[in-house]
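Going by the numbering used here, the first residue of the sequence shown is number 12, and it counts up by one from there. No residue lacks a Cβ here, since even glycine has one placed at the ideal position from N, Cα and C.
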Amino acid sequence: MVFTYLAGPIIGGVIGYITNDIAIRMLFRPHRAKYLFGRKLPFTPGIIPKEKGRIAGAVGGAISENLMNQEVMEKNLLSEEMIGKLTATIDRFFYSQRNSDETLRAFLGRFLTEEEINAISTNIGEELTTLISAKLADSVVGDQIAHMAVNHVMQKMQHFGSNIGDALSENGIGKGGGIGDMISRGFGRIFGNSSKKHASDFINSLASPVEQALAKNINEMLRNNSTEIVESMILKERDRLLDCTMSELMEGKEEQIAQLKSSLVSLYQHVITERLPRILHAIDISKMIETRINEMEMAEAEHLILEVMNKELKAIVWLGALLGAIMGTLNIVIGKFIY
């Protein structure tokens, strides 16, 4: 008697469990179409393998339009939390490098090979050499150097010429009719009573031809040797820089480091704001996801889906068992009323 009442719910539960389990398995299996006597069997392949291309396109489009679109990406990438994490990461990096004995060459070696480091430093050195040597070979540079040099010498000569006798006498030369007095009297005889003024005029008259001659020689020297001079200096400084430790490079540069930190954060925000649309368009997330799904073997896709939704799919199977048991119970109850 008891078995009669339990048989219906038990059988209904078993049937519900089995049918739901089969239904879930038929979503994935069989992975390929099956044929009998040259005719394709119904329900082969499974629903997901059969509609794989369409599903891949739909999933790619849904993710691209709703989960990884520009608005959502900007909101997350420019959030206060993300900026805070970026700032904290930058702070930790600079803090660790302040006490680091690692050289710049070794630091770059984390990301580049020795050949790449040498190639980059050589290219930069060549660019700087070309730029600076071209500037030095410009006639304006030689003219400026000559002008400054002559002005400096003129000031020294004017001071020296106007006070030469006193200067020599103060140093004990020509006291009491010595060389100092002789030079002083010589300037007086040559330029008269206004010896200081005439000495200044005489020196000034020499300035222009001397400056022209000096500028000509400097310009010629720079045209012929600027590349060699600059290249030697840059190579030496390049090697010195690469062999400096990170702590030495940062020593006494707190203000510059603070500005660099701020610039890095600003650069990140600018890239996200200005470049993100181009980046998203270039990588085409929808197409990328669609292609990846289509490239997956069905067994791999099945494993991935079951791994993510295993709990939910098992719940559906047990829900089928529960509904089957309920239907079996109702069948008995309804049968009692009818009979």
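{"Query": "Beta-carbon proximity of R109 to S277, cut-off 7 angstroms", "Result": "no"}
{"Query": "Beta strand (DSSP E) runs contained entirely in the stretch 87-144, provided each spans 3 or more residues", "Result": "none"}
{"Query": "Stretch-stretch touch, CB-based, cutoff 8 angstroms, three pairs: the stretch 304-315 with the stretch 29-36", "Result": "no"}
{"Query": "Cβ shell of S111 (< 6 angstroms), same chain only, five flanking positions each side left out", "Result": "M257 and S258"}
{"Query": "Nearest-angstrom Cα separation, counted from M261 out to K145", "Result": "Sequence inspection shows Ala at residue 145; the Lys mentioned does not correspond to that position. Answer to the nearest angstrom: the Cα atoms are 31 angstroms apart."}
{"Query": "Residue from S219, I58 and R116 whose Cα sits closest to the Cα of V164", "Result": "S219"}
{"Query": "I343 and G19 closer than 7 angstroms at C-beta", "Result": "yes"}
{"Query": "Contact between the stretch 332-342 and the stretch 20-30 (3+ Cβ pairs under 8 angstroms)", "Result": "yes"}
{"Query": "Reduced DSSP category for R43 - H, G, I as helix; E, B as strand; rest coil", "Result": "coil"}
{"Query": "Limits of the alpha helix (DSSP H) - the one that L271 falls within", "Result": "E265 to H281"}
{"Query": "Cβ pair count under 8 angstroms reaching 3, the stretch 231-248 against the stretch 92-107", "Result": "no"}
{"Query": "Where T30 sits in the DSSP three-state scheme", "Result": "helix"}
{"Query": "Pairwise C-alpha distance: H314 and H42", "Result": "12 angstroms"}
{"Query": "Inter-residue Cα distance where the pair is L52 and I74", "Result": "34 angstroms"}
{"Query": "Own chain, CB closer than 7 angstroms to L88, minus 5 neighbours either side, in chain order", "Result": "I283"}
{"Query": "Exposure of L330, with buried meaning 16 or more beta-carbon neighbours within 10 Å", "Result": "exposed"}
{"Query": "When I59, S90, A99 and M79 are compared against A269, the one with the closest alpha-carbon", "Result": "A99"}
{"Query": "Neighbourhood of K45 by C-beta distance below 6 angstroms, restricted to the same chain and skipping five residues each side", "Result": "L52 and T55"}
{"Query": "Bridge-paired residues (DSSP) for R50", "Result": "L47"}
{"Query": "Nearest-angstrom Cα separation, counted from G263 out to I281", "Result": "Note that residue 281 is His in the sequence shown, not Ile. The alpha-carbon atoms of H281 and G263 are separated by roughly 29 angstroms."}
{"Query": "C-beta contact flag for A157 and E113 at 7 angstroms", "Result": "no"}
{"Query": "With 16 other Cβ atoms within 10 Å as the buried cut-off, status of E301", "Result": "buried"}
{"Query": "Cβ-Cβ distance between I345 and A67 below 7 angstroms", "Result": "no"}
{"Query": "Which of helix, strand or coil DSSP assigns to T55", "Result": "coil"}
{"Query": "Given H292 as reference, the closest of G27, E76 and E62 once Cα atoms are compared", "Result": "E76"}
{"Query": "Span of the alpha helix (DSSP H) around I294", "Result": "L287 to I294"}
{"Query": "Beta-carbon gap between I101 and L275 smaller than 7 angstroms", "Result": "yes"}
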